[in-house]
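Protein chains in written order, with the numbering used here: chain A, 398 to 672; chain B, 398 to 672; chain C, 398 to 672; chain D, 398 to 672. All C-beta atoms, glycine included, are put in the ideal place defined by N, C-alpha and C. Let me begin by presenting the structure, written as structure tokens, before commenting on it.
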């Protein structure tokens, strides 16, 4: 096959696989999304014992079927992009690879096939396919607010870590002897985290009076602590929304004053027309 | 009956059933609210076994009594409005129909009578009847804030969905063999949601050390994640309250539009001088 | 006793009991606070069975001792104020009466003595005694923010109430037959509230697959719902703090511009000294 | 050893132990951090019974080894600082002492060695060593926001305390006779705190219908209450972020004070013209 012809073929495949603007490209993407969802559902159902007992062969066949399809797709992607290495090391490139590996590994190590659920992450392509770009902008603004509060949250988490180690050890000293649940410091720390985050399974609970008193104190503490990350993120988001609402920096060319809203047509101070 | 007379009769019924300004209309509405509440209470009590055993005939009679009254009311509403189809497809029209259907269906399918609690939604009329319009304004501002953050919350929920699928599968791999509770991926996902939302029933809990370690990590994650939707909604509500506090209620006498700030001298939409 | 002398005596008692400015008045209040705390602790300890078994006579004596002291104090308060009825119907007057009644009633109805914990509310006097007025200002600003969001919260609670009735009934239909915990609609509603508020005792948990699926959905809903009241209160408090931070309305007498902070000595626009 | 030589020696030790700018100082700090972490991990593992059974001698040796190293380090620190008392009473000085004491006390009182986890607090030095000063600034801003809301939170906690005492007593009266879990008022208060904070272990749950009804009410209350501390902290953090975003870092060249807004032309403290 001459190079020019091969390039044309590559371009055509690229258009179908990577783009969603042409009818063929869109059809390909929609079919892919459906296959991914079906594949994730199959993995989930496979883990349900009474289904596994009855349809084990069907699941086995489906699993390999999906994997072979996704492998071909992965190879085609590698084939048709101009810089295969860049795709292979990109976010979606890595996910696409991780989405087929577990089946091959499961030949050697039983159980890894359940890791196939990672295929679910491929569904993130849904935003690009259906032109839901503005949703990504929103996600971006969440990520921005979280990044802005990263330092605060890191300090906060380190503080929590030291706190649960100290509280866990004290609870181990108090409850350790009389309570199966507090049989070691790591378990006591597990209990402390379960309590501070207000999850409260109840698989481990204090039985001594001193332990219950301290627990009540820890819960009220957790109550106050819970307010901190929420406050951090809220403050960031408020600042973010204030920034974007004040972003109109237009000054009136007549009186020079600023502070106009985006929908303003005339200067509210002198009545001059704005640009 | 001549048309004119019938129309007058229709109007009179309409006034009583649909309006709450006349003494008769108000009396009708108050009686209706009481009947609805009584009817919901009866459905609830009917489900309590030791009451059902003793008063089964009474409950049966009351249930049909209420249903017949509400059916007559529904038919009268259809009769007296000028555009019956519009009422029938409106929010309250659908609710009014759903509030009587379950009794009739229960003749064929046992158990559906408990769906009669949907009658409770008819109580929403309370705002209109007692002129609590400003409460609805408040509800409106909540709904507005939620709508404004809809895109952000959708992205967030999709992210959570993918997250619980991946975490659930990993926990299934870790705990699956040794723990009844993690017997399948769907159950492990159920556990993940119970944990991430800090509900923490404790009907399923990790027993392996690795599982407990990962759980503790998931809880701290849930802690941080919990802050995100709260931050989103808070930021929206703060922005909403800022908007309403910064704009006064003055309308431009030329173009009639509102939303001017206190220091505005000219209308920002048409340039007309404000008072 | 002549009227003048009696009035002087009344005034003296009033000074000691009601005021905390004189040494005697302060001493009286401190002793009272200690007695109240001791009395609440005694009521609590009395309810612990193995203590009650050993010290039942001591508890009985202490309880009557405290009650007699508080009764004398109550009568003295009534005696020395100029308008006894006004005191008797004031917040603290009612609390003072409720703090002694249960002991007398317990002669006729056993168990009411535990209601003596209501004495704890008398501790609220602590703010007045130790001149912690600014704490009350803070409490006031919390109450203000809550009041401002009252309408929003009422609408929200009504919505939650209707929601838990509908969800509870649906869960009763799904789980009712196979699950002891969902034996009636009221119990199912109790479970719904336990779940939506993320308390999650685990005394009642869904066992059917459909029930668990719906539960997971309810939890994610509760997650989103939890953000609403927090957002409401946060927005109110932010607005409150903004109002108070903007409260300086001083205008420069030279250039007339506003927006100065409380600690400003000179106008930041023209350098003129501010008042 | 002559004084001058000794002083030089002291200075050299000081440089290594207290400073992290020189290669030797940094190496010392990094080794120290690793030792502290290793020591905390050893204490945790020691509490795990099946490990303690097999490696009891190893743990004993390691524990004493770490303690001797940290004791030498503590003595060196005391020796090389100019004002030993000031160091000994500083935050890190106290922590450094508490980090070695438990081992010595454990000779007399068994079990105290688990208090060695307090060594973990020494890890806070990590910020200084790796020049993560800006993280401390963030911590500082969290602490500032919490301090600013201290009065509000104190009032709030006192209110919660009185609330749980009253609710706990009422629940004791309702459930007391029929429910093992509510056997005394202190236990009922413990349950109330577990419920109000939405931890919800489920080790104690109401069984009577009235008790479950009241519990549901308490949970909805806790729901609303949860919003208050979050609102307080959020409002403070928003105010904090607004303050810092509105004031630039320009200092007046005359009086040297900061906190000027961007539009300020004159220093608001002394009236001097700003750049």
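Beta-bridge pairing of residue i - partner residues as DSSP gives them
i: residue 663 of chain C; result: C:670
Segment limits, alpha helix (DSSP H) that includes residue i
i: residue 429 of chain A; result: 420-443
i: residue 454 of chain D; result: 446-477
i: residue 565 of chain D; result: 547-572
i: residue 501 of chain C; result: 498-502
i: residue 404 of chain C; result: 400-415
i: residue 481 of chain C; result: 481-485
i: residue 590 of chain C; result: 582-593
i: residue 493 of chain B; result: 488-495
Cβ-Cβ separation, residue j to residue i (assumed contact under 8 Å), whole Å
i: residue 625 of chain C; j: residue 635 of chain D; result: No, residue 625 of chain C and residue 635 of chain D are not in contact; Cβ-Cβ is about 18 Å, not under 8 Å.
i: residue 596 of chain B; j: residue 595 of chain C; result: 5 Å
i: residue 446 of chain C; j: residue 580 of chain D; result: 6 Å
i: residue 519 of chain B; j: residue 497 of chain B; result: The Cβ separation is near 11 Å, so there is no contact.
i: residue 500 of chain C; j: residue 460 of chain C; result: 6 Å
i: residue 587 of chain D; j: residue 609 of chain A; result: 5 Å
i: residue 601 of chain C; j: residue 578 of chain C; result: 3 Å
i: residue 593 of chain D; j: residue 550 of chain D; result: With a Cβ gap of about 16 Å, residue 593 of chain D and residue 550 of chain D do not count as contacting.
i: residue 430 of chain D; j: residue 523 of chain D; result: 6 Å
i: residue 599 of chain C; j: residue 599 of chain B; result: 4 Å
Test item: CB-CB of residue i and residue j under 8 Å
i: residue 649 of chain A; j: residue 671 of chain A; result: yes
i: residue 514 of chain D; j: residue 566 of chain A; result: yes
i: residue 570 of chain D; j: residue 508 of chain C; result: yes
i: residue 631 of chain D; j: residue 631 of chain C; result: yes
i: residue 633 of chain C; j: residue 536 of chain C; result: no
i: residue 437 of chain C; j: residue 562 of chain D; result: yes
i: residue 662 of chain D; j: residue 479 of chain C; result: no
i: residue 441 of chain D; j: residue 465 of chain A; result: no
i: residue 628 of chain D; j: residue 542 of chain C; result: yes
i: residue 511 of chain A; j: residue 453 of chain A; result: no
i: residue 413 of chain B; j: residue 425 of chain B; result: yes
Chain G contact for residue i (CB, 8 Å cutoff)
i: residue 423 of chain C; result: The structure shown contains no chain G; its protein chains are A, B, C and D.
Interface flag, residue i vs chain B, CB-CB below 8 Å
i: residue 536 of chain A; result: yes
i: residue 566 of chain C; result: yes
i: residue 542 of chain A; result: yes
i: residue 584 of chain D; result: no
i: residue 600 of chain A; result: yes
Neighbour flag for residue i against chain D, beta carbons, 8 Å
i: residue 662 of chain C; result: yes
i: residue 597 of chain B; result: yes
i: residue 549 of chain C; result: no
i: residue 644 of chain C; result: Caution applies to residue 644 of chain C, whose pLDDT of 49 falls short of 50 and renders its modelled position unreliable; the value that the coordinates give is listed next. It does not: the Cβ of residue 644 of chain C has no partner Cβ on chain D nearer than 8 Å.
i: residue 607 of chain A; result: no
i: residue 441 of chain C; result: yes
Minimum Cβ-Cβ distance from residue i to chain C less than 8 Å
i: residue 571 of chain D; result: no
i: residue 590 of chain D; result: no
i: residue 619 of chain D; result: yes
i: residue 581 of chain D; result: yes
i: residue 446 of chain B; result: yes
Residue-level contact to chain A via CB, residue i, 8 Å cutoff
i: residue 631 of chain C; result: yes
i: residue 539 of chain B; result: no
i: residue 552 of chain B; result: yes
Cβ-heavy atom distance, residue i to the ligand NAP, below 7 Å
i: residue 610 of chain D; result: Absence of the ligand NAP from the depicted structure is noted, as is the absence of any ligand whatsoever, leaving it without description.
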